[in-house]
Every structure is written in structure tokens, then in C-alpha cells.
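One structure is given below, encoded as C-alpha cells.
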Amino acid sequence: MTQSAEGTNREILTTLDGGLQIIFDKRERVSTNQYMQLYSCVYNFCTCVNVEEVARRRSGISGPGGNSPLANPGAEFVGLELYEYLKDYMIKYVRKLRQEIESFRGSELLDNYHRVWLNFQFSSNVVNGIFSYLNRHWIKRELDEGKPDIHQVYNLAIVCWQRELFMNLSEPLTAALLKLIYDERMGETIMTSLVKGVLTSYLEMGINCGNDRPNTINNTAQNREKKEKSLEIFKTFFENKFIEDTRTFYKVEAQQFLLNHSIIEYLKKVETRLSEERNRVDRYLDPSTIDPLMKACDDVLIAEYLDRFRGEFDNLLENNQVDDLARMFSLCERVDGALEILKVIMESHIERKGRNAIASVPDSGVDPKVYVTVILDVHKQFNSLVSTAFKNDPGFVQAMDKAFTTFINHNSVTEAQKGGNRSPELLARYCDMLLRKSNKNPTEVEVEEALNQVMIVFKYIEDKDIFQKFYSKMLAKRLVHDMSASEDNESSMLQKLKQMCGFEYTSKLQRMYNDTTVSKDITQRFKREAQEKQIDLKKVDMSVMVLAQGVWPFQLVETCSIPTVLADIMGKFEDYYVSQHNGRKLDFLYHMCRGELVCNHPPGKRYTFIASIGQIAILLLFNDADSYTIQRILDSLNFRTDQLLQTLQPLIKIGILSIEGDELNASTPLDTPITLNMNFTSRKVRVDLSKAVTRTEVRKEQNDVQRELEEDRRMVIQAAIVRIMKMRKRFQHQALIAEVIKQLTVRFTPNVKVIKKCIDTLIEKEYLARVEGDRDTYEYLS
158 MTQSAEGTNR
168 EILTTLDGGL
178 QIIFDKRERV
188 STNQYMQLYS
198 CVYNFCTCVN
208 VEEVARRRSG
218 ISGPGGNSPL
228 ANPGAEFVGL
238 ELYEYLKDYM
248 IKYVRKLRQE
258 IESFRGSELL
268 DNYHRVWLNF
278 QFSSNVVNGI
288 FSYLNRHWIK
298 RELDEGKPDI
308 HQVYNLAIVC
318 WQRELFMNLS
328 EPLTAALLKL
338 IYDERMGETI
348 MTSLVKGVLT
358 SYLEMGINCG
368 NDRPNTINNT
378 AQNREKKEKS
388 LEIFKTFFEN
398 KFIEDTRTFY
408 KVEAQQFLLN
418 HSIIEYLKKV
428 ETRLSEERNR
438 VDRYLDPSTI
448 DPLMKACDDV
458 LIAEYLDRFR
468 GEFDNLLENN
478 QVDDLARMFS
488 LCERVDGALE
498 ILKVIMESHI
508 ERKGRNAIAS
518 VPDSGVDPKV
528 YVTVILDVHK
538 QFNSLVSTAF
548 KNDPGFVQAM
558 DKAFTTFINH
568 NSVTEAQKGG
578 NRSPELLARY
588 CDMLLRKSNK
598 NPTEVEVEEA
608 LNQVMIVFKY
618 IEDKDIFQKF
628 YSKMLAKRLV
638 HDMSASEDNE
648 SSMLQKLKQM
658 CGFEYTSKLQ
668 RMYNDTTVSK
678 DITQRFKREA
688 QEKQIDLKKV
698 DMSVMVLAQG
708 VWPFQLVETC
718 SIPTVLADIM
728 GKFEDYYVSQ
738 HNGRKLDFLY
748 HMCRGELVCN
758 HPPGKRYTFI
768 ASIGQIAILL
778 LFNDADSYTI
788 QRILDSLNFR
798 TDQLLQTLQP
808 LIKIGILSIE
818 GDELNASTPL
828 DTPITLNMNF
838 TSRKVRVDLS
848 KAVTRTEVRK
858 EQNDVQRELE
868 EDRRMVIQAA
878 IVRIMKMRKR
888 FQHQALIAEV
898 IKQLTVRFTP
908 NVKVIKKCID
918 TLIEKEYLAR
928 VEGDRDTYEY
938 LS
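As C-alpha cells, then:
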């Protein structure tokens, strides 16, 4: 380097020295002219050199023929000299700042540290701009070549600050910060802006230190690693100690608080503390602190006291303290596994409440409406609780569903009926009450809402095939006797059942419903033809329902002799139907027939009786005499004795007929006279005799359903076994039973003994065979 160049550089460094003193020491505002002068100094220092001389000094190569390994060795050397000059200046300056503030402690240390940090950060930004030429050229090249311990000018300043000032004062600084946070937790007001400002320096050191290297690969893993490294100083020197202090603080506070307060008050306290900690992060901590901070609070304030929470949970349920339950839930869901025992407790509680509610209502076992209403009341209470307090958490919803399934299918009412589940029957009877005509005349909207409620209960019914049996019989009666209040409601209910159980479940029900529509058309065409061909229908207005065999739950039943006038009309209809449908045969279900009979006594009064065909036959006898013995009625109408007694009972009970002596029963002598009551009166001019259903009929219907159900289930189980074995070819005994139960649980819960009997039956029928040498395995015989 020539003497002129050396002199020029000394002058440049002298100028830079004065500029840096103005910027750092005096912290005076640098004018635009001064800024540009200092920038020019940096530029001139980097460019005003003798390239050849510097190359020789750096590489030891002499002579004009020597080849330097550097593209611009002069610029490289001068850049290093200028970089080292700036680094030395910053180190000396930061050491000076440290000496100024290192004697302070507590808040005074934080105040002074924050003050000098802000000034230093601002000055470093200004210097970074002045030395931007060095950043863009020499420093960039050094970084690209991977040279160690080289930084952009601003980052160099931060590194100097970290090494020379922060590392010597980090312990008293962090201790002062933690003391302020402790004071705030104890209710004192602190300068949060001071805490935030000091912590910003922790973060700034992490963000900028080591952040000069260029990204060669841009991927998520590298970015995550870079983010973690940028937080290293903050975590090492503050966060880790802060989390440790947090655990200690809340461990002591929780123990002391619970000595004098209840768990309910403790829940509120914890909720408040968690909110304060979240707010603390928002106000002056780094967002990355939220997870470890909340984890520490959860461990100390919640996980440590889960046993106390569980002990109080049942009491909260018992007293329906929704707000406190919601509070406990929101706290426990923060801890892994903490909710599991609460679900079990709630399930047991709901099951107990449901059983008690049913047992406490005297009429719940006989009145379908009372029974279903009790269940719905319990469901409304706990469904609201799960929704409000437990946010419809899937685990709690599942626990509630299990509890309802248990107590609806196993309670005092169901246990009173041996060999059967009463809940499906009562639910079906409740549906019948809603869907049949009544004096109350609820609107279709009200009925629809009630049916929606029915489906809530239906979801929990285990033996849905029992419900199907009873519902089918009652639907059939409503349709046959024209007792449906609304076709829309009937159709809606079928659709709901179909959505929940599938097409197969409702296929027969739908065909029954369709038969009624077809039957109306058949009746109209018959009447039209009778009118056109002048067929005498004896002035009897009739309607006929043609029911598909195997679809409707009716069987042919022997009944009495049909009155001549009705038998004649039925014969004419049969002739017409057979003529229209070649090859078909009609079987009349006389026991399902109903008719209206006009009564003209006593004089001046006129009543219309809605009666079964047997009741009509009996009443028509009294056109010829006022009194008949039981035996004479039997002889005249060819009743079986038990059928006659059952048919007479409603007529005697209502008062149309009378009997001398005791009530009519199986021991009543057959020579007992039955007399027409000439003084019969009723507030209604239309009296429905067909509605009178005796307990014997109800029991018979229950027994019939049970018998049919057992047979149906055997067939369904056999079909399932064949279907499974056809697919598996070979299957082990226990696995086969488990698979059958799995497939059929949607409809009913199969009995293992019945499954075993069905397997034996299929072996006898040669659908299955036991594998030789392995009697516990079956194979399918194709």
C-alpha cells in the first residue's frame, strides 16, 4: 500500500471514530450531510487501496506474474480491517455500558438496562445503514463462503451486546423480572412495559444472532429449527426459570387455598389464575411461552387434585350445578385422561336417576304415556346438561347414551315382566296413542314433535324387533278400522323408522300402508259396478280392505255365524273381486270387521253403536226377543264359549245388555239370561263398543307377540349364520357366535343359547358340519 493510501485510510478511520462517538456516546441526531459523509468514508476505505501491494501482504506472492487466489484481495483485506475496527469499537463501548449499570439490582437494574438497550439498538441500526456497503460486499462474500464468526453489522452489535453485557448480567436481570411477575401475581401493579421491553432484548439477541447465513434449502424442518434456535436465549435465560417459578408459586398457593376453601371455590380460583396467565402472555411474554406455561399450571393446579375433583363430581350432578360442572369439565379436559373417570361417574349417575324416576311413578308400568314421558324428562335434563356443561363432548354423549340404553331396557318395569323387554311394547303403544284418532285432536305439528321425541327413546331400545311387532299390529288396527288421525303423521313415522333402521325394517309396514290406498280404490269401483248393474247391497254402506297375505299381522280366526244380510253382501263382493283378479282367493277376517248399528230404544232416542261383527250378530238377535240365555246365544251364533263371553263383556259393561247376579266370567252358568236394557242411556249418541279391550286380550296379544318373536328370531339367527358361513367357509365356534351377535345387535340382542340351538338345527339340516378332528370348528356345506 502506498503512503498516500495509508494516510487516506487513517483519515477515514479518524472521521468514522468521531461519527461513531456522536451516534453511540453522545446519541445526537446525525444530519443527512453527516450520514452521507460517514457512508462515503466506509465506501472510500473499502475501495481506495493498492490491490497488488495488499495481495502480496496477504498471500506472500511477489512479482506481476503471481496469480492471487482472491478475485479482489485488496477489497478482502480492507473489508476485514474495517470489520475488525468496528467490532473492537463496539466491544469497548458495550463494556463501558456494562460498567455503568452492573452495580444496580432489581427494578433499577431493569430500568437502566432497558434504557441503554433502547439507545444501543437505535444507534446500531443507524451504524448498520452507514456500513451497508460493507454488508453488501465483503460481509456477504464472507458469509457465502461460510466464514465463522462473521455477522451483518447490526447483528455484530447484538452479538457484542450479548457477549460483553448480557452474559454478565443475565442472572440479576432474570431474577428482577421474576420478582416483578411474582409481585403481579400477588396483586401488585407493575410496569409491564418495562418487563416487555427487557424481554424484547432477550428475543432480539436470539432472532439476530446466527441469523446471517443464507438459506440453501427452504423447507419446513429447517424453518422450525431456525425458529427454535432464535428462541434459545429467551428460553435458556428466562422461560425455563419462569416456568419453574410458576410451578413453585402455584403449588404453594393451591395447598394453602384448599385448607380454607371448598373444591367449588378452588375451581373458580384456578379458572381465574389460568385466565391471568393467558393475559400475561398476551401483555408482555412471547407467544411461544403459552404452551409450557399452561402445561405447568395444568400439572400443578389440576392434575394434582383430580381425586378431589372426582369426589365432588357426583355431588355436582346430584344438585344439577351446571356452571360448576362446566367449570370442572373445562379444567379437566386440559389434562390427558382426566375426563375418563368423570364419564363413568356420569353414566352411573344417569342410569341410577333413570331407574329411580321410572320406579317412583306408580302408573309407569301400565300407562305408556307416563312411561315414555318419564324417560323423556330424564333425557331432556341430561341432554341439556351434556350440551351446556360438557359442550357435547363425544365421550360424554356416548356415556349418556350408554346410561339411557341400560336403564330404558333394564328397570323396574322391564324386570317385572319375565322373559321379555316391556319398553319396546310401551313405546309402540305410546305411538299408537299419538297416531290414532282421539277427542283431544292435537295438531299435526304437535304430533310430529311428539314423534320426534319418540325417536329419541327408540334409539335406545335394544330389542327393536319387539317394537316392530307391536307397532305393526297397532298400525294394522289403525288402518283397518280407519282410526289414523293423519296420513301425513303415519307416513312421517314410517320415514323416521326407515332412516334409523333401514328399508327392510319398514318394508312390511310400508306395504300395509300402500294396501289401504289400493283398497279405497277397489271399494269405489265395486260400489260403482253395483250401482251400474243394480246389485242390491241392502242399503248397507260398506268399505272393504284387501290385505296382502304374509304382510299384515292377522291370522284367520274362527268366529260366529255372520248375519245373513252381511254374509250376502260379502259374497257379492267376493264374486266381483275374483272376476277382476283371476286366480286369487279371498279369506275374510271376520274378527277384524267393524260396522255401525242403529238402536231405536227407548222410544224417542236413537243411538249408533260402532261394533265388531260378533257384537253386531248378538245385538241383532234382540230384534226378535228381549232376553236370551248364554246357551241359546251359543246355539244361535255358533260362538265358542270363551269367544262369546269375551264379546258380551263390553256390551254388559257399557249397559246395553244386563245380567242377573254376579259379573260375567268363565264360571257363569250357561242358562244365565242376558237381557236387553230398555233403560239404556248415554251422553253420546255414537257409542264405540269396539274400543273396549279386556286385559285378557292384552295379555293374549303380548303372548302372541312373544311367541311370534321367538320364531322370527330363530329364523333371523339361522339366516345370519348361513350368511356368515357362506362367506367364511370355515369358522370357529366362539368367533361365529360373536359375529352373529355383532350383525344382529342393531335389531335385537341374540341369546347365546338360542344361537347354539340354531347352529345345531342347521347341522341337522346339513347346511353346516363339524370339522373332523376339530369339533369346535364348523364348515359350510354348499
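Under the working numbering, the residues of the sequence shown are numbered 158 to 939, in order. We treat Cβ as the ideally placed atom computed from N, Cα and C, and that holds for glycine. Predicted model only: the values in this text are computed from it and were never measured.
Considering only residues of the stretch 781-807, which uninterrupted beta strand (DSSP E) runs meet the minimum length of 3 residues and lie entirely inside it, listed in chain order?
As far as the stretch 781-807 is concerned, its whole beta strand (DSSP E) runs of at least 3 residues are 784-786.
Taking only runs that begin and end inside the stretch 880-920, name each unbroken alpha helix (DSSP H) of 4 or more residues, in chain order.
List check, alpha helix (DSSP H) in window: 890-901.
Along the chain, where does the beta strand (DSSP E) containing Tyr587 start, and where does it finish?
It is not in any beta strand (DSSP E) - Tyr587 instead sits in the alpha helix (DSSP H) that spans 579-592.
Have a look at Tyr196, Ser387, Asp481, Ser445 and flag the residue whose alpha-carbon is nearest the alpha-carbon of Val427.
Ranking Tyr196, Ser387, Asp481, Ser445 by Cα distance to Val427 puts Asp481 first.
Along the chain, where does the alpha helix (DSSP H) containing Thr204 start, and where does it finish?
Counting along the chain, the alpha helix (DSSP H) containing Thr204 begins and ends at 189-204.
Taking only the alpha-carbon atoms, compute the straight-line gap between Ile787 and Leu814 and give it to the nearest angstrom.
Distance between the alpha carbons of Ile787 and Leu814: 12 Å.
Give me, in chain order, the residues of the same chain whose beta-carbon lies closer than 7 Å to that of Ile726; leave out the 5 immediate sequence neighbours on both sides.
If we look at Ile726 and ignore the five residues flanking it on each side, its Cβ neighbours are Leu694, Lys695, Val697, Met699.
Mapping the DSSP letters down to three states, classify Glu936 as helix, strand or coil.
Reduced to three states, the DSSP call for Glu936 is strand.
Start and end of the alpha helix (DSSP H) containing Asp480?
Taken as a continuous stretch (DSSP letters only), the alpha helix (DSSP H) holding Asp480 covers 479-489.
Pull up the distance between the alpha-carbon of Phe323 and that of Glu396, whole angstroms please.
So the alpha carbons of these two residues sit roughly 16 Å apart.
Should Ala768 be labelled buried (16 or more other beta-carbon atoms within 10 Å of its own) or exposed?
Buried.
So does the stretch 574-589 actually touch the stretch 524-534, counting three or more Cβ pairs closer than 8 Å?
Output reads yes: the stretch 524-534 touches the stretch 574-589.
What is the rounded straight-line gap between the Cα of Asn436 and the Cα of Ser387?
Answer to the nearest angstrom: the Cα atoms are 24 Å apart.
For Lys597, which residues of its own chain have a beta-carbon under 7 Å away from its beta-carbon, when the five flanking residues on both sides are left out?
Closer than 7 Å at Cβ, skipping near neighbours: no residue.
Can you tell which of Ser517, Ala926, Ile874 has the C-alpha that lies nearest to the C-alpha of Glu902?
Before going on, a small fix: residue 902 reads as Thr here, not Glu. Thr902 has its Cα closest to that of Ile874, out of Ser517, Ala926, Ile874.
In angstroms, rounded to a whole number, what distance separates the CA positions of Met247 and Pro449?
Answer to the nearest angstrom: the Cα atoms are 36 Å apart.
When the Cα of Leu239 is compared with those of Leu170, Leu827, Leu704, which residue comes out closest?
Comparing Cα positions, the closest option is Leu170.
Going by alpha carbons, who is nearest to Ile770 out of Asp456, Gln652, Leu846, Asn780?
That would be Leu846, whose Cα lies nearest to the Cα of Ile770.
The beta strand (DSSP E) spanning Cys756 covers which residue range?
Counting along the chain, the beta strand (DSSP E) containing Cys756 begins and ends at 751-756.
Taking the straight line between their C-alpha atoms, what separation do you get for His567 and Arg342?
Rounded to the nearest angstrom, the two C-alpha atoms are 53 Å apart.
List the DSSP bridge partners of Tyr764.
In DSSP, Tyr764 forms a bridge with Cys756.
When burial is assigned at 16 or more other CB atoms within 10 Å of the CB, is Glu504 buried or exposed?
With 16 or more other Cβ atoms within 10 Å, it is buried.
Would you list the one or two residues that DSSP bridges to Ile831?
Paired residue(s): Tyr785, Ile816.
I'd like to know whether the C-beta atoms of Phe261 and Val199 end up nearer to each other than 7 Å.
No, the Cβ-Cβ distance between Phe261 and Val199 is not below 7 Å.
Less than 6 Å separating the Cβ of Ser769 from some heavy atom of the ligand COA?
The model on display carries no ligand, and the ligand COA is accordingly not part of it.
Starting from Arg843 and walking both ways along the beta strand (DSSP E), at which residues does that stretch end?
Per DSSP, Arg843 belongs to the beta strand (DSSP E) from 843-845.
Quick check on Val457: does DSSP put it in helix, strand or coil?
It is helical.
Candidates Lys899, Gly728, Lys634: which alpha carbon is nearest Tyr670's?
When only C-alpha atoms are compared, the closest one is Lys634.
Give me the DSSP bridge partner(s) of Asp931.
In the DSSP output, where bridge partners are listed per residue, Asp931 has Val928.
When the cut-off is 7 Å and only beta carbons count, does Lys384 lie next to chain D?
Any reference to chain D falls outside this structure, which holds one protein chain only.
Just confirm the distance between the C-beta atoms of Lys653 and Met612, as a whole number of angstroms; I'd bet it's less than 8 Å.
Right, their Cβ atoms sit about 5 Å apart.
Could you name the residues of the same chain whose beta carbon sits closer than 7 Å to that of Tyr961, not counting the 5 residues immediately before and after it, in chain order?
In the structure as shown, the chain begins at 158 and stops at 939. Residue 961 is therefore absent and cannot be evaluated.
Leaving out five residues before and five after Arg904 in sequence, what residues of the same chain have Cβ atoms less than 6 Å from its Cβ?
Correct list, in chain order: Lys621, Asp622.
According to DSSP, simplified to helix, strand and coil, what is Ser940?
Within the shown structure, residues of the chain are numbered from 158 to 939, placing residue 940 beyond reach of any answer.
Across which residues does DSSP place Ser641 in a beta bridge pair?
Arg593, per the DSSP bridge assignment.
Less than 7 Å between C-beta atoms, sequence neighbours within five positions excluded: which residues of the same chain meet that for Ile692?
Result list for Ile692: Lys729, in chain order.
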